[in-house]
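One structure is given here, and the rest of the page talks about it.
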Amino acid sequence: MPELPEVETTRRGIAPHITGRTVSRVIVRESRLRWPVPRRLASQLAGQAIEHVGRRAKYLLLETAGGTLILHLGMSGSLRIIDSGLAATRHDHVDLVLDNGRSLRFTDPRRFGSLHWTTRPPETHRLLRDLGPEPLGAAFSGEHLHGLSRGRQVAVKNFIMNSHVVVGIGNIYASEALYMAGIHPARAAGRISLKKYGLLAEVVKEVLQDAIAAGGTTLRDFVNGEGKPGYFRQHLNVYGKADEPCISCRVPIREIRIGQRSTFYCPKCQR
DNA sequence: AGAGGTACCTGGCAGC
DNA sequence: TGCTGCCAGGTACCTC
1004 MPELPEVETT RRGIAPHITG RTVSRVIVRE SRLRWPVPRR LASQLAGQAI EHVGRRAKYL
1064 LLETAGGTLI LHLGMSGSLR IIDSGLAATR HDHVDLVLDN GRSLRFTDPR RFGSLHWTTR
1124 PPETHRLLRD LGPEPLGAAF SGEHLHGLSR GRQVAVKNFI MNSHVVVGIG NIYASEALYM
1184 AGIHPARAAG RISLKKYGLL AEVVKEVLQD AIAAGGTTLR DFVNGEGKPG YFRQHLNVYG
1244 KADEPCISCR VPIREIRIGQ RSTFYCPKCQ R
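Under the numbering used here, read the first sequence as residues 1004 to 1274, first letter to last.
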């Protein structure tokens, strides 16, 4: 599921249920995730009180006095609050059993997700250390994109999906943002003006914020465990809309592959 | 240094 | 119905 809005929606969904709670037990049913779940994770996390649920890029940070759990949902991961007695099914890989009869359950069919434990400041962790700025933060701007992109031949879509440039822009929102900014996704990153990058940075913030706002509507379902968070297709202008008319000019949306990923754009509106 | 490809995994779906 | 092949929203890591 998750692009940044889904991860943030997840964070907001679970935070009220786990903040201040103590992890009484950790059940690891499947440790073969993107990276093996550390063998000592269960003993390190058990007994710790969750003080804060943070996020850096698409990593969720469950902070305790003794360390931080760094959790990534990968491509198919989800987290739910469940009653601790609820039977686990095939892809329910990890439960954090809480001290109130409920559990935080990590489910991930494709097992691209991951769990790490660190006792150091999480931002110094190998996975987080070299990441670019948050797209919704002040450090992400047209100047930032313009400065980093000079001389780069890479397609602008790949450029903005590079986590060293800016985090949290996945395949869907990359297409959406470039459409909103009127930039052809295959354009060389180094040949885009400061002005265009200013617009791109603005629409990135806008599209992510809108999606996060829309994500709020699925929170109840999500917390009740009655289904996974919905995907907000109704808000998308180009993604998945090959051959449908552009909402602005009616010219059919085109689908191409850039860096092995599906890419959608309007050949008239995006140059 | 930058660009591009590969790998990790399962499930769903189109096409035969 | 059943098989095969392809595709999927992520991203670290490898090679050139």
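Just so it is clear, CB atoms sit at the ideal spot from N, CA and C, and this is done for glycine as well.
query                                                                                                                                                               : result
Could you tell me how far apart the beta carbons of residue 1172 and residue 1186 are, in whole angstroms, since I believe they sit closer than 8 Å?                : Rounded, the Cβ-Cβ distance is 13 Å, inconsistent with contact.
What is the residue span of the beta strand (DSSP E) that residue 1075 lies within?                                                                                 : 1071-1075
If we count the other Cβ atoms within 10 Å of its Cβ and call it buried at 16 or more, is residue 1133 buried or exposed?                                           : exposed
Once the 5 residues before and after residue 1072 are set aside, which same chain residues still bring their CB inside 7 Å of it?                                   : 1048, 1065, 1118, 1120
Could I get the ranges of all uninterrupted beta strand (DSSP E) runs contained in the region 1048-1115, with 3 residues as the minimum, in chain order?            : 1053-1059, 1062-1067, 1071-1075, 1081-1086, 1095-1101, 1105-1110
With DSSP as the reference, label residue 1136 as helix, strand or coil.                                                                                            : coil
In the DSSP assignment, what residue or residues form a beta bridge with residue 1267?                                                                              : 1258
What residues in its chain sit with their C-beta under 8 Å from that of residue 1156, if we drop five residues either side in the sequence?                         : 1191, 1192, 1193
Nearest-angstrom Cα distance between residue 1258 and residue 1151?                                                                                                 : 27 Å
Measure how close the beta-carbons of residue 1087 and residue 1104 come, nearest whole angstrom, since I'm counting them as under 8 Å.                             : 5 Å
Assign residue 1008 to one of two classes, buried (16 or more other C-beta atoms within 10 Å of its C-beta) or exposed (fewer than that).                           : buried
Short of 7 Å in beta carbon distance, which residues of its chain neighbour residue 1045, apart from the five on each side in sequence? Order them along the chain. : 1029, 1031
With DSSP run on the structure shown, which of helix, strand or coil describes residue 1196?                                                                        : coil
So, is residue 1116 buried or exposed, given that buried needs 16 or more other C-beta atoms within 10 angstroms?                                                   : buried
Could you tell me the boundaries of the beta strand (DSSP E) in which residue 1026 lies?                                                                            : 1026-1031
Among all the DSSP beta bridges, which residues are the ones paired with residue 1211?                                                                              : Answer is none; residue 1211 lacks a bridge partner.
Mind reading off the beta-carbon distance from residue 957 to residue 1122? Whole number of angstroms is fine, and I expect it under 8 Å.                           : Given that the chain is displayed from residue 1004 to residue 1274, the structure contains no residue 957 and the question cannot be resolved.
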